[in-house]
Amino acid sequence: MDNEVIGRVLYLGLLVVAVGGYLLVEYRGRMGQMLRGLMSWGMIVVGLMAAYGLWNDLGVQMVPRQSVATNGEVVLPRARDGHYYLSLEIDGTPIEFMVDTGASGVVLTQSDAQKLGFDPGGLVYLGSANTANGIVRTARITLENVRLGSYEDASLSAYVNDGAMDGSLLGMDYLGRFRVEIDQDQMILRR
């Protein structure tokens, strides 16, 4: 153990001795009452930890991803990470995208390409793209029957990234088909 860990262990030990000594003196002869109090506070702390964990896990799912208004506009709320996300239905399969106005093309992860029936190992990676992680190889594909709310497109050119990606990106090749407006914490897409 290094000196920092030893110091922390000593500090924690002194804290436990001080609080434990106080409790023993204060509740001398009433150990049952002390144990009930400690158990109550322990349950409260465990409950708060569970609530915090659930909030982090479920919070993203409870926030609406996108909505389609009656006038046909698609409204995307800003996510907690500051980005906008939307789901496109491609040939009947929903695929989640991060909206990236700085990207020129639509880029799929290998797992999303596989969901759509493409074999990432069998694709020909002739292209390349400059990303924040450097230059990656790309394979050009065509997506059929692309749907966002009431908007339908027969086909859309896209790329499959040969490198690792956290999620698929929706770039200007698709977003350019819309009038894009950012108003406070929402992005509005209209045709």
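Using the numbering used here, the first residue of the sequence shown is number 18, and each one after it goes up by one. Ideal Cβ positions, reconstructed from N, Cα and C, are used throughout, including at glycine.
Taken atom to atom, the span from the alpha-carbon of leucine 206 to that of glycine 151 is near 30 Å. Out of Val22, Ser57, Met66 and Glu113, the CA that lies nearest to the CA of lysine 132 is found in Glu113.
Leucine 65 and leucine 55 have their alpha carbons spaced roughly 15 Å apart.
Between valine 141 and isoleucine 158, the C-beta spacing is not below 8 Å. When C-beta atoms of the region 180–188 are compared with those of the region 164–171, fewer than three pairs fall below 8 Å, so the two segments do not count as touching. Beta-bridge analysis with DSSP links valine 123 to no other residue. Annotation for methionine 204: Leu93 and Tyr101 place their beta carbon closer than 6 Å to its own, counting only its chain and skipping 5 residues before and after. In this structure, the alpha-carbon of leucine 29 lies about 16 Å from that of aspartate 19.
DSSP places tyrosine 191 in the uninterrupted alpha helix (DSSP H) bounded by 189–192. Shown here for alanine 175: same chain residues with a beta carbon closer than 8 Å to its own, the five before and five after excluded, namely Gly122, Val123, Val124, Leu125, Arg157, Ile158, Thr159, Leu160 and Asp190 in chain order. At least 8 Å separates the beta-carbon of serine 104 from that of glutamine 127.
In this structure, leucine 192 and valine 116 form a Cβ contact; the two beta carbons are roughly 7 Å apart against a cut-off of 8 Å. Residue range 151–165 is occupied by the beta strand (DSSP E) that includes arginine 164. Taking the Cβ atoms as the reference, aspartate 179 lies roughly 7 Å from threonine 155, within the contact range of under 8 Å.
In the DSSP secondary-structure assignment, methionine 204 is bridged to Leu93 and Ile199.
Per DSSP, alanine 175 lies in no alpha helix (DSSP H); the unbroken beta strand (DSSP E) holding it starts and ends at 168–178. Taking the Cβ atoms as the reference, aspartate 108 lies roughly 5 Å from asparagine 162, within the contact range of under 8 Å. Per DSSP, the continuous alpha helix (DSSP H) segment holding glycine 38 begins and ends at 20–43.
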